[in-house]
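Trainee:
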């Protein structure tokens, strides 16, 4: 069986996260490492050096968040 776990990418979300996040399809998963903004309140960031629009939600009971993204061109 082949399980696709995605890849890693640089993610920057002002006040929420700056580092390497998990990427699969049009979703990115991260554990917030900044505390000046609520993850759900931020609507944009940089993903792999490109500006993106974000829709962020909490992932289950754990500390992780998942953001659906759309690249701004």
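Residue numbers (my numbering): -2 to 70.
Every residue gets a Cβ at the ideal spot worked out from N, C-alpha and C, and that includes glycine.
If I measure Cβ to Cβ from residue 64 and keep anything under 6 Å in the same chain, skipping five residues before and after, which residues do I get?
Mentor: In the chain shown, residue 64 corresponds to position 67, counting from 1. Cβ neighbours of residue 64 beyond the five flanking positions: 25, 51, 53.
Trainee: What residue does the beta strand (DSSP E) around residue 64 start on, and which one ends it?
Mentor: Stepping through the chain shown from its first residue, residue 64 is reached at position 67. Looking at the DSSP string, the run of the beta strand (DSSP E) that includes residue 64 is 62 to 68.
Trainee: Does DSSP put residue 58 in a helix, in a strand, or in coil?
Mentor: Translated into the one-based positions of the chain shown, residue 58 becomes position 61. If DSSP states are grouped into helix, strand and coil, residue 58 belongs with coil.
Trainee: Quick one: using the 10 Å Cβ neighbour count with 16 as the cut-off for buried, is residue 60 buried or exposed?
Mentor: For the purposes of this step, residue 60 is taken as the residue at position 63 of the chain shown. Label assigned to residue 60: exposed.
Trainee: Can you name the start and end residues of the beta strand (DSSP E) that residue 16 belongs to?
Mentor: For the purposes of this step, residue 16 is identified with residue 19 of the chain shown, where counting begins at 1. Looking at the DSSP string, the run of the beta strand (DSSP E) that includes residue 16 is 14 to 21.
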